[in-house]
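Just so we're on the same page, the working numbering is the position in the sequence shown counted from 1, plus 2. Cβ coordinates follow ideal geometry from the N, Cα and C atoms, glycine included. Working notes, beginning with the structure itself.
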Amino acid sequence: HKCFDCGQHFHGAVQIALGWACWKIYLGRPDTDEQRTMALTALGGSLMRSRPEEALPVLHAQLVLLRRYWSHHEESILTAQSNVAIGLDDVGRFDEALVLKRAVFARRVATLGASHNTTI
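This is the structure:
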């Protein structure tokens, strides 16, 4: 996301503040609300860059919600799993991250094929 005035991408404390603000706006909505899920995605993404230990529970919560309410959106679930794996890597939990990355890769090969751009 970019600043409308200068075109610069948000980063650091501003990006985190915007992620929290977005989450706070939609927090009261039902778990099945798509905007709420997107707000959780925004929060997790903003925290991943500079606060991975705080991002990991948010990323995991997003994955749980996707599995529970949008289980038919397999690509979204695979993306969320990949984000959790990145978060695990970022906090030094390499073995857990590797297991999850392998599972995502295997599922993408099965659904998209080995040569698909997302699989590679």
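Boundaries cannot be given for residue 6, as no alpha helix (DSSP H) includes it and DSSP labels it neither H nor E.
Per the Cβ contact rule, the stretch 38 to 57 is in contact with the stretch 83 to 92 (3 or more Cβ pairs under 8 Å). Listed in chain order, the non-local C-beta contacts of residue 98 below 7 Å within the same chain comprise 90, local neighbours out to five positions each way being set aside.
Between the alpha carbons of residue 36 and residue 3 lies a distance of about 19 Å.
Straight-line measurement puts the Cα of residue 77 at about 16 Å from the Cα of residue 117.
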